[in-house]
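The first sequence begins at 207 in the working numbering and counts up one residue at a time.
Just so it is clear, CB atoms sit at the ideal spot from N, CA and C, and this is done for glycine as well.
Quick caveat: nothing in here was measured; it's all calculated off a predicted structure.
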Amino acid sequence: MAINGIKGFNDILPGDVEKWQHIEATARRVFELYGFSEIRTPILEKTELFCRSIGDATDIVEKEMYSFVDKGENKVTMRPEGTAAVMRAFIEHKMQALDPVARLYYMGPMFRYERPQKGRYRQFHQIGAEVTGVSAPTVDAQVLTMLTHFFAELGLDEPSLQINSLGCPKCRPVYREALKSFLLSKIELLCEDCNRRYETNPLRALDCKSPGCQEATKGAPAMLEYLCPECAEHFEATKKYLELVGTTYQINERMVRGLDYYTRTTFELVTGLLGSQSAVAAGGRYDGLISDLGGPALPGIGFAIGVERVALLLAEKDFSRRPDLFIAALGDEAHAEAFKIMSALQRLGAAVEIDYEGKSLKSQMRRADKFKSRFTLIIGGDELARGTAPLKDMDGGTQSDVALNADAIVKVIKG
RNA sequence: GUGGCUAUGGUGAAGCGGUUAACACAAACGACUGUGACUCGUUCAUACGUGGGUUCGAAUCCCACUAGCCACCCCA
207 MAINGIKGFN DILPGDVEKW QHIEATARRV FELYGFSEIR TPILEKTELF
257 CRSIGDATDI VEKEMYSFVD KGENKVTMRP EGTAAVMRAF IEHKMQALDP
307 VARLYYMGPM FRYERPQKGR YRQFHQIGAE VTGVSAPTVD AQVLTMLTHF
357 FAELGLDEPS LQINSLGCPK CRPVYREALK SFLLSKIELL CEDCNRRYET
407 NPLRALDCKS PGCQEATKGA PAMLEYLCPE CAEHFEATKK YLELVGTTYQ
457 INERMVRGLD YYTRTTFELV TGLLGSQSAV AAGGRYDGLI SDLGGPALPG
507 IGFAIGVERV ALLLAEKDFS RRPDLFIAAL GDEAHAEAFK IMSALQRLGA
557 AVEIDYEGKS LKSQMRRADK FKSRFTLIIG GDELARGTAP LKDMDGGTQS
607 DVALNADAIV KVIKG
């Protein structure tokens, strides 16, 4: 019996991986325009890091983490998200000493023990970015603009940017109480889940999918009405800067985040094309996180993009590569020559294929066609004697002779 | 953790108690003796997720298990 992979852990095969490479390359290219540098942190961290950052009472920490005790009796966890680890590294290496404003991006696998479904897997991948040390709203606007820029570069303009403000430790508790007393008056109309969440996460009732809850929360107080003057001003300024650079957004005062560390600006990039997984990217400000983790009192803001979800949105696009040249050879001598020319051309930067098994010319031409090679060079005994060979343009169907040396060939196929 | 749905070859699938288990695509080789894409031919599941049962007979009915998908919870 063959062994299968683990549920929710997927292979990314050739044919699909090109799309991933394109997504990753686009992220690197765009993020570096904004001054971001990559940071790579380990997959395994101390469990405590996530308890303290994400929040003990969140679903991620309560039931979704891949946690275990290692051989040294340490409680460790395979990271369920990226921000906590990046901030841990920032603090550990005292990066604020070099520059409190760190602009970092990362990409890699994250792990959450959830039931897999469309756009959600147990090992999934995120591309994230974080900025520390700036509380100015310009950076909120810039991070959001960079995120939408990235999607635009991929040719995806469908996801819409939704923003909200969650306030700060001063104003959020006031709002939370106001909301709770409102919900209490409607408690019988709320679904079972929202009743259960009433104490732990009352805000969730606002974006509950149950029709009853949606109806019941129609007149609920809005966070935006309860923002303290500083938070209100920050939110207004963020919107102003977004408008200044033409980044379109919608305000979604019902948007709630699942991680405890968020403050002030929060946002999601949502799409209707992914079944029940509407968020392709999400993030927000976390002004208290760095100090909560024992670091300096610096603000922060960041986001994470779900790579599988982006790949799903890019499902129809073809990212397959095609070779520049296929060399068809007839006979042992020609085969050796083809091998030699192939090697020389590869050193000159051309992608070249040959047939390894000395099949018929017909068969080799079919293979060239299958690879979608741009050109095919045909070498037999005559060509060897002549020192030139027909080079066929596979798209146009025309062919003309070229000298049998790599420099001459590369001029034609890469020119 | 909780629901619902589905399991036939590399893929998409026909099949509805007795068929050599259709068909299409993909793949390999050939018809064109040194040239792809079109056309044509040949080959390609002793096998219908696994294990039990019902039956003279099961891919087809029943049960269990497993897997996958979708949804809930939650989230990227």
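On a Cα-Cα basis, can you pick out the residue from the options that is closest to residue i?
{"i": "Y272", "options": "R294, R318, G241, A295", "result": "R318"}
{"i": "T247", "options": "Q329, N210, R326, G334", "result": "G334"}
{"i": "Q329", "options": "E543, D217, L450", "result": "D217"}
{"i": "P322", "options": "Y447, S371, Q483", "result": "Q483"}
{"i": "Y311", "options": "L385, M293, I297, E320", "result": "M293"}
{"i": "K445", "options": "V345, V223, E320, K565", "result": "V345"}
{"i": "R592", "options": "N611, F581, R580", "result": "N611"}
{"i": "G621", "options": "F581, G587, A595", "result": "F581"}
{"i": "L531", "options": "L304, V516, D498, Q570", "result": "Q570"}
Is the CB-CB distance between residue i and residue j below 9 Å?
{"i": "P529", "j": "A557", "result": "yes"}
{"i": "L433", "j": "C377", "result": "yes"}
{"i": "L567", "j": "V608", "result": "no"}
{"i": "A540", "j": "E589", "result": "yes"}
{"i": "A535", "j": "I511", "result": "no"}
{"i": "I297", "j": "P505", "result": "no"}
{"i": "L518", "j": "K213", "result": "no"}
{"i": "Y455", "j": "F473", "result": "yes"}
{"i": "S387", "j": "D399", "result": "no"}
{"i": "C437", "j": "T423", "result": "no"}
Can you tell me which of the three DSSP states residue i falls into?
{"i": "Y468", "result": "coil"}
{"i": "R515", "result": "helix"}
{"i": "D524", "result": "coil"}
{"i": "G418", "result": "helix"}
{"i": "A275", "result": "One detail in the question is off: residue 275 reads as Val in this sequence, not Ala. If DSSP states are grouped into helix, strand and coil, V275 belongs with the strands."}
{"i": "I212", "result": "coil"}
{"i": "T253", "result": "helix"}
{"i": "Y447", "result": "helix"}
{"i": "A556", "result": "coil"}
{"i": "A384", "result": "helix"}
{"i": "P379", "result": "helix"}
{"i": "V476", "result": "strand"}
{"i": "V486", "result": "strand"}
{"i": "L531", "result": "strand"}
{"i": "E244", "result": "strand"}
If you follow the beta strand (DSSP E) that residue i is part of, which residue opens it and which one closes it?
{"i": "K281", "result": "281-284"}
{"i": "R309", "result": "309-317"}
{"i": "P596", "result": "594-599"}
{"i": "H299", "result": "Per DSSP, H299 belongs to no beta strand (DSSP E) and is neither H nor E."}
{"i": "D607", "result": "605-609"}
{"i": "I622", "result": "A query on residue 622 cannot be resolved here, the shown segment of the chain reaching from 207 to 621 and no further."}
{"i": "V337", "result": "329-338"}
Need the endpoints of the alpha helix (DSSP H) that residue i sits in, please.
{"i": "L430", "result": "429-432"}
{"i": "D498", "result": "495-498"}
Exercise. Does the count of Cβ pairs from the segment 290-310 and the segment 264-282 closer than 8 Å reach three?
Worked result: Short answer: they don't touch.
For this session: Could you say if the segment 366-385 and the segment 447-466 meet the contact criterion of at least three C-beta pairs nearer than 8 Å?
Result: Flag = yes, the segment 366-385 and the segment 447-466 touch.
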